[in-house]
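Notes to accompany the following structure.
2 protein chains.
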Amino acid sequence: MPRQTSRDLRNESRFEVLHALFTLGPSTRQEIAKHTGLSTATVATLVTQFLAEGVLRIATVEQNTVGRPYERLTIDPDRGRILGIDVAETYVDATVYDVTLGPLGHGEVALDEHENDTEYVVNGIVRAIEAAVEASGTERERIIGAGVSMPGQVRPDAGVSVFAPNWDWHDVRIEELLEQRLGISVYVDNPLKAVALSEMWFGVGRVTKSMAVVNLGTGVGAGIAIDGTLLRGSANNAGEWGHTLLQLDGRQCRCGRRGCVEAYLGVHGLEMSLAEIAPKHPALRQPLQRGFVDAVAEGLVADDPALVELARRTSHYLAAALGDLVNLLNIPHITLTGWTTAALADWLIPAVREELPDHVLPGSLPGLAVEASRVPGNPVALGMAAFTLERFLGDLGLASPASTPPPRRRLRAPA
Amino acid sequence: MPRQTSRDLRNESRFEVLHALFTLGPSTRQEIAKHTGLSTATVATLVTQFLAEGVLRIATVEQNTVGRPYERLTIDPDRGRILGIDVAETYVDATVYDVTLGPLGHGEVALDEHENDTEYVVNGIVRAIEAAVEASGTERERIIGAGVSMPGQVRPDAGVSVFAPNWDWHDVRIEELLEQRLGISVYVDNPLKAVALSEMWFGVGRVTKSMAVVNLGTGVGAGIAIDGTLLRGSANNAGEWGHTLLQLDGRQCRCGRRGCVEAYLGVHGLEMSLAEIAPKHPALRQPLQRGFVDAVAEGLVADDPALVELARRTSHYLAAALGDLVNLLNIPHITLTGWTTAALADWLIPAVREELPDHVLPGSLPGLAVEASRVPGNPVALGMAAFTLERFLGDLGLASPASTPPPRRRLRAPA
Ligand SMILES: [Zn+2]
Ligand SMILES: [Zn+2]
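If you read the protein sequences in the order shown, they are chains E and X.
Just so you know, the first sequence maps onto residues 2 to 416 in our numbering.
Just so you know, the second sequence maps onto residues 2 to 416 in our numbering.
Written out as structure tokens, the structure is:
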């Protein structure tokens, strides 16, 4: 088992000071101490080191009517640039961030989901990155690293796409392929882990250390954090709530099993539900899944009765499936994310809040919250940038306490 | 968030040395160092302290053909006695252990499940403890403490039975009631947490840090450990796998929800399955659940076709429900326990092993093990004794890294 040392503790404190500044924005030493629980003396010492290292800079100096002036500290946003990339079956979405994880520019490339050649996908990723770099006016040599979320099962420690069902990829060394093409350090992970990390850093992680971040889109799944630690499982495969049962021997799921949650709550599941209600409904003629979801949202505004029934059934399925998560894990907070959530939250969330108590054991109900995520932008890209930053800070000797697997190689220092 | 200090690290090391001795039995300093990953110098220092404190003693001194003699160390079993008590709806089972958690004597009292008066239940617990103390010839003043597992939802930090559905108990201060009657420090927890801890200490915890310990009895549930930490949830309510869905809107569960795993895999669920197959089967006339399970086991030996079909359906339900646990948590090891397991393991486990791959995502399948627990005796009583010992060691300044909630009060030192 990995052993923790006094040096790890000091590094954790350093990490927490930086993390507090990401969370709070420009802050005084007192505010950092209060937020982290560290002593003001410890914070003062660490801040002095960070200033000397150029990691932090003084944002403002303020003068109260009494007392001495106090300084607000900030992470130096000019220290480097970080890429966060969300690779899905139908698109690549790349964003350039500064080291405070503020977005600077964005690039998107469509992928043909029937094309499974690795070079085709790598080309798409490279083009999206180039577009984002161009849009943000970033100098390549200032890029610290790129975090790339790949669909399917990923081994971040090996940089490998272990299995991507849509492309039938097995053990593709995607990190190496991308690094050769880009000349940038790359970190790969799974989108469920990325959305969970973005929520831990920039969403409800500010108020709770335990949460499930439930993604509703083509696929469905949950990123889970318990007491501030991301649940990875023994092969980085935890969180496949979309492939837990809603209905034994029920609808065929694309994973091969029958009755999975995803077969009811993934977009194709919604299409199947609507086909049960109104097989000739015009929304079912939309060629793309996003078009279908948008048509459902528009029809709900117009009180289309078949779509109202679809929303009712979908809320019932969602409340039941979230009840399972809560009963098993006794987590206090569920955040919904993904593009189905973005389109249908106004219909799903109130109905789920109303029905959820019927599915949750009394002891796990008090304080239970269900909300749509408020993390801005693409949470997968943001989470991948946060992983890349965590690894970079780790390479500076700042151990991340919770989320990042051990660094595999040194990232390039920014120019 | 709780902060870890250098002192905590030293205490963790002390705890690990003791834990290694529980796991390994009498051991040399070299064996302890190898098992814990601590340096031999650190182990030597800690052992010297423990010997001076009387916590350890030298078990044997051996002489190799070459080199100097070496000592095997052991925890001094005479240092005190610990009680572990399993309180269920129909019985109380109490065991006296020495501080190496070796059993010394046992007492059992039947409870009428229709009697829900707190005094009736407390009397039953006291009588079972008295029988165990008597059977083991224990002097009362040597008892360090008693760990009492209570059915339903328990708050160990407050010593309260928050909700016991069978008795309709709400917020019963059971720890205080028992301490007043017994004059012994009492620690209360939930049976799922206890079986998980007993497995972590004495079962597969010797080879893996992440596991689900699945209890099959009147009720069903899972004690879950992730990376050596017991999953408690925000209200100590995690692990209610028995109240996750197998079948949306399916069989009525005693929790009020429909279609829960327990409604298919609890003993009453097995009875319902058999009633679907052969409504007049003689096993259904058994007045007690244990009689029913024993009749099923006997009938299976005789190849009773209705019972063979019951075993087939039950294995299908169990494989599906375990698949959910694995897909969500990506845990590498499942241990089955409880008295249904004890009676039917020979039929259920081979069938579950065969079907489980149909329910598990490919990435979570390699290395996945499903086994019957090999922890001897009553694992709930043993786990509760282990919690009590962990708290006692914590009061000695030996922080437990994983399982025990913060100590609430000082346990009485042994005489
Ligand atoms: Zn599936
Ligand atoms: Zn139930």
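Beta carbons: idealized from backbone N, C-alpha and C, even for Gly.
Cβ neighbours of residue i in the same chain (closer than 7 Å, five flanking residues each side left out)
i, result
"X:D99", "P78, R82, L105"
"E:A320", "V353, E356, L357, H360"
"X:P70", "V62, E63, Q64"
"E:E32", "L25"
"X:H41", "One point to set straight first is that residue 41 of chain X is Thr, not His, in the sequence displayed. Within the same chain, X:T41 has close Cβ partners R30, Q31, A34."
"E:Q287", "F293, A296"
"X:T405", "Summary for X:T405: the model assigns pLDDT 44, below 50, so the residue's position carries little reliability; its value from the coordinates is reported in the next sentence. Closer than 7 Å at the Cβ level, and outside the excluded window around X:T405, lie F388, E391, R392, G395."
"E:N331", "S365"
"E:A279", "A307"
Beta-carbon proximity check, residue i vs residue j, cutoff 8 Å
i, j, result
"X:T245", "X:D325", "yes"
"X:A373", "X:L337", "yes"
"X:V294", "X:A223", "no"
"E:A236", "E:I225", "no"
"X:A197", "X:V208", "no"
"X:L311", "X:S274", "yes"
"E:A21", "E:T37", "yes"
"E:V205", "E:H334", "yes"
"X:L362", "X:Y318", "no"
"E:T101", "E:F23", "yes"
"X:V1", "X:A34", "Residue 1 of chain X falls outside the range modelled here, since chain X spans only 2 to 416, and no answer is possible."
"E:R174", "E:V127", "no"
"X:L74", "X:P27", "yes"
"E:V268", "E:T219", "yes"
"X:L329", "E:E200", "no"
Nonlocal neighbours in the same chain, by C-beta distance under 6 Å from residue i, ignoring five residues either side
i, result
"E:G148", "G85, Y188, M385, A386, F388, T389"
"X:G300", "L308"
"X:C254", "C261, E263, A264"
"X:M87", "According to the sequence as given, residue 87 of chain X is Asp; it is not Met. Excluding positions up to five away in sequence, the list reads D94, S150, N379, V381, A382."
"E:R1", "Outside the displayed range of chain E (2 to 416) lies residue 1 of chain E, so it cannot be described from this structure."
"E:L179", "V187"
"X:A132", "G108"
"X:S137", "V97, L105, G106"
"X:L52", "none"
"E:W340", "G218"
Assigned exposure category for residue i - 16 Cβ within 10 Å defines buried
i, result
"E:R30", "buried"
"X:E177", "exposed"
"E:R375", "exposed"
"E:P407", "Low per-residue confidence applies at E:P407: pLDDT is 40, beneath 50, and the placement is therefore not dependable, though the value from the model is reported in the following sentence. Per the 10 Å Cβ criterion, exposed."
"X:L383", "buried"
"X:V302", "exposed"
"E:R258", "buried"
"X:T139", "buried"
"E:V155", "buried"
"E:T315", "buried"
"X:A400", "With a pLDDT of 44 at X:A400, under the threshold of 50, the modelled position of this residue cannot be trusted, and the question is left open."
"X:P377", "exposed"
"E:Q248", "buried"
"E:R80", "buried"
"X:N323", "The sequence given here places Leu at residue 323 of chain X; Asn does not occur at that position. It counts as buried."
"E:A111", "exposed"
Listed by chain order, chain E residues near residue i by CB distance under 9 Å
i, result
"X:T245", "T245, L246, G324, D325, L326, N328, L329"
"X:P333", "G234, S235, A236"
"X:I33", "Under the 9 Å cutoff, chain E gives no residues; its nearest Cβ is about 14 Å from X:I33."
Within chain X, partners of residue i - CB distance below 8 Å
i, result
"E:E241", "N328, L329, N331, L362, S365"
"E:R258", "G324, D359, H360"
"E:F164", "P363, G364"
"E:I278", "Those within 8 Å of E:I278 in chain X number zero; the least Cβ separation is about 17 Å."
Same chain only: Cβ atoms within 8 Å of residue i, ignoring 5 sequence neighbours per side
i, result
"E:D169", "N117"
"X:D250", "R259, G260"
"E:N167", "E90, E114, N117, P152, G153"
Chain-ordered neighbours of residue i on chain E, where CB pairs are closer than 7 Å
i, result
"X:S211", "S235"
"X:A321", "L246, L249"
"X:Q154", "G364"
Under 9 Å by beta carbon: chain X residues contacting residue i
i, result
"E:I175", "Neighbours of E:I175 on chain X: none; closest Cβ ~15 Å, over 9 Å."
With a cut-off of 6 Å, give the chain-ordered residues whose Cβ is closer than this to any heavy atom of ligand 1.
-> Output, sorted by chain position: E:H244, E:C254, E:C256, E:R258, E:C261, E:E263.
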